[in-house]
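Undergrad:
2 protein chains.
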Amino acid sequence: MAANSRLTIATHVLTWLALARRSGREVLTSDQVAASVNTNPVIIRRSLGDLRRAGLVEVRRGAGAGWSLARAPEEITLLEVHDAVDTEPPFGLHHTEPNLECPVGRGIRPALSEVYGRAERAMRRELAETSIADVLRETLVN
Amino acid sequence: MAANSRLTIATHVLTWLALARRSGREVLTSDQVAASVNTNPVIIRRSLGDLRRAGLVEVRRGAGAGWSLARAPEEITLLEVHDAVDTEPPFGLHHTEPNLECPVGRGIRPALSEVYGRAERAMRRELAETSIADVLRETLVN
DNA sequence: GGTAGTTGTAACAGAAGCTGTTGCAGTGAG
DNA sequence: CTCACTGCAACAGCTTCTGTTACAACTACC
Numbered sequence: 001m002a003a004n005s006r007l008t009i010a011t012h013v014l015t016w017l018a019l020a021r022r023s024g025r026e027v028l029t030s031d032q033v034a035a036s037v038n039t040n041p042v043i044i045r046r047s048l049g050d051l052r053r054a055g056l057v058e059v060r061r062g063a064g065a066g067w068s069l070a071r072a073p074e075e076i077t078l079l080e081v082h083d084a085v086d087t088e089p090p091f092g093l094h095h096t097e098p099n100l101e102c103p104v105g106r107g108i109r110p111a112l113s114e115v116y117g118r119a120e121r122a123m124r125r126e127l128a129e130t131s132i133a134d135v136l137r138e139t140l141v142n
Numbered sequence: 143m144a145a146n147s148r149l150t151i152a153t154h155v156l157t158w159l160a161l162a163r164r165s166g167r168e169v170l171t172s173d174q175v176a177a178s179v180n181t182n183p184v185i186i187r188r189s190l191g192d193l194r195r196a197g198l199v200e201v202r203r204g205a206g207a208g209w210s211l212a213r214a215p216e217e218i219t220l221l222e223v224h225d226a227v228d229t230e231p232p233f234g235l236h237h238t239e240p241n242l243e244c245p246v247g248r249g250i251r252p253a254l255s256e257v258y259g260r261a262e263r264a265m266r267r268e269l270a271e272t273s274i275a276d277v278l279r280e281t282l283v284n
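Protein chains in written order, with the working numbering: chain E, 1 to 142; chain A, 143 to 284.
1. Can you give me, in chain order, the residues of the segment 252-269 of chain A that have a beta carbon less than 7 Å from any beta carbon in chain E?
2. How about E:THR87: is its C-beta nearer than 8 Å to some C-beta of chain A?
3. Between the beta-carbon of E:LEU136 and the beta-carbon of E:PRO41, is there less than 8 Å?
4. Answer yes or no: does any C-beta atom of chain E fall closer than 8 Å to that of A:GLU217?
5. Indicate the three-state DSSP secondary structure (helix, strand or coil) for E:THR77 in the structure shown.
6. I'd like to know if A:ALA275 contacts chain E, where contact means its C-beta is closer than 8 Å to some C-beta of that chain.
7. For E:MET1, which three-state DSSP category applies?
8. In chain order, what residues of the same chain lie with their CB nearer than 6 Å to the CB of A:LEU220, ignoring the 5 residues before and after it?
9. Would you tell me roughly how many angstroms separate the C-alpha atoms of E:THR11 and A:THR171, rounded to the nearest one?
10. Under the DSSP definition of a beta bridge, which residues are partnered with A:ARG202?
11. Mind checking A:SER189: buried by the 16 CB within 10 Å criterion, or exposed?
12. Do A:THR238 and E:THR39 have their beta-carbon atoms positioned less than 8 Å apart in this structure?
13. Mind checking which residues open and close the alpha helix (DSSP H) that includes E:ASP86?
14. For E:ASP50, does the count of other Cβ atoms within 10 angstroms reach 16, so buried, or fall short, so exposed?
15. Might you give, ordered along the chain, the residues of its own chain that have their beta carbon closer than 8 Å to the beta carbon of E:ARG53, omitting 5 neighbours on each side?
16. Since E:LEU56 contacts E:VAL81 with CB under 8 Å, what's their CB separation in whole angstroms?
17. For E:PRO110, tell me which candidate among A:GLU262, A:ASN284, A:PRO232, A:LEU254 has the shortest Cα-Cα distance.
18. Whose CA, out of A:ALA275, A:HIS236, A:GLY166, A:VAL179, lies closest to the CA of E:ASN99?
19. Using a Cβ cut-off of 8 Å, which residues of the segment 9-24 of chain E contact any Cβ in chain A, in chain order?
20. By the three-class DSSP mapping on this structure, what secondary structure does A:LEU235 have?
21. Determine which residues of the segment 53-79 of chain E have a Cβ less than 8 Å from any Cβ of chain A, and write them out in chain order.
Following this line, the structure appears as structure tokens:
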């Protein structure tokens, strides 16, 4: 299965919605988005469901239904997208509690949490620098 | 299974080796390390195998065998440990190629690789700032 | 109203990864 | 030679991810 592609899928979806908005198309259905991502519509609906719960997209149900961005693409950062679809931290601590008899086992978890926190914050800071509008611009250049 | 604890296990092992070195114990066996991490010796040997391939630890085989650090703990960074035990990038691209008929499908992968590269580099920069000696110091404080 | 198109969600299969475990061959100091 | 340890393969159990099917709920439009 390799790495998880949730952020990629969600960003692809939002970028596609941003392009549609710019072209005057009001809403897109999950089928239409799925055709661009080249996957199953249910995958897209799952991702869009996460994005909707985070307030990044809006849905219209019933006939003629579909999805649209809830905000301008300049105001959606990849950090928000990441938080909407991916809750796992990049580094995990021990699965089973280390041996507390050992000085290393006793103190290492808070020590590692510190370091992991710094690394994660650095990554998040970088994701916050890029918006969906930036991704769209870069995408159309390529 | 949740998140990946490889970096945690490997750092725990190295920190323990660093403490042993400071206490005058030359080598530790995988059984002894496993007792501190509170897991199976084979897990430790797998991790130590990765670290040995990366040149961070040395092994003595045969009777009276065991492991020791290949360098001073001040000169082993968590970035090196991370690279030794974890090769998966934090973000993955699409599993199946997106639809190249679509402008977004065509250009999004290089655009995302850029962003992911920046985020990953930021994280790596942070991991490179911390050494095993730092972790040991922080560990003994707690 | 009825109909048709679309979302929301549950259920399931298949693949893959990780940890944990057992077993055994290889190795080298004493 | 022996013994203690490593190296490694094989396997089980669990979890997660993608992908798929199926179906109820919803609503614009005729």
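Each residue gets a CB set at the ideal place from its N, CA and C atoms; glycine is no exception.
TA: Short version:
1. PRO252, ALA253, LEU254, GLU256, VAL257, ARG260, ALA261, ALA264, MET265, ARG267, GLU268, LEU269
2. no
3. no
4. no
5. strand
6. no
7. With a pLDDT of only 46 at E:MET1, under the threshold of 50, the placement of this residue in the model should not be trusted, and no figure is reported.
8. LEU269, THR272
9. 47 Å
10. A:GLY208
11. buried
12. yes
13. No alpha helix (DSSP H) contains E:ASP86, which DSSP labels as neither H nor E.
14. buried
15. ALA84
16. 7 Å
17. A:ASN284
18. A:VAL179
19. ILE9, THR11, HIS12, THR15, TRP16, LEU19
20. coil
21. LEU78
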